[in-house]
Amino acid sequence: MKTIPKAESQKITFQMFENSIPNEGKWELIDGELLFSDEEMRKVILMLVSQIGLKKLIDILPLESRDELERLLRDKS
């Protein structure tokens, strides 16, 4: 099942949760870095953003981050 965040929040299934959280939920932090592979990090982020929705993500981002995101999206077009 592919996790695709939408504008509004979505419920996450237990299977989605289970597939998204690495190391049976045991997170490790060393020198300011979570010990997740890029793929594991992607799964966690997509699950969390799906839970809150893209609108809420934009709402909670600091203004500086929103401006940066807007610039990145504009440059990608």
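Residue numbers are given in this note's numbering: position 15 of the sequence shown equals residue 252, and the series is strictly consecutive. Beta carbons: idealized from backbone N, C-alpha and C, even for Gly. Please read all numbers here as calculations on a predicted model, not as lab measurements.
Shown here, E270 sits in a strand according to DSSP, grouped into three states. Remark: three or more beta-carbon pairs, one from each stretch, lie closer than 8 Å, so the segment 278 to 290 and the segment 239 to 255 are flagged as touching.
Annotation for S246: Q288, I289, G290 and K293 place their beta carbon closer than 7 Å to its own, counting only its chain and skipping 5 residues before and after. P299 carries a coil assignment under DSSP once its states are collapsed to helix, strand and coil. The Cβ-Cβ distance between L298 and L306 falls below 8 Å.
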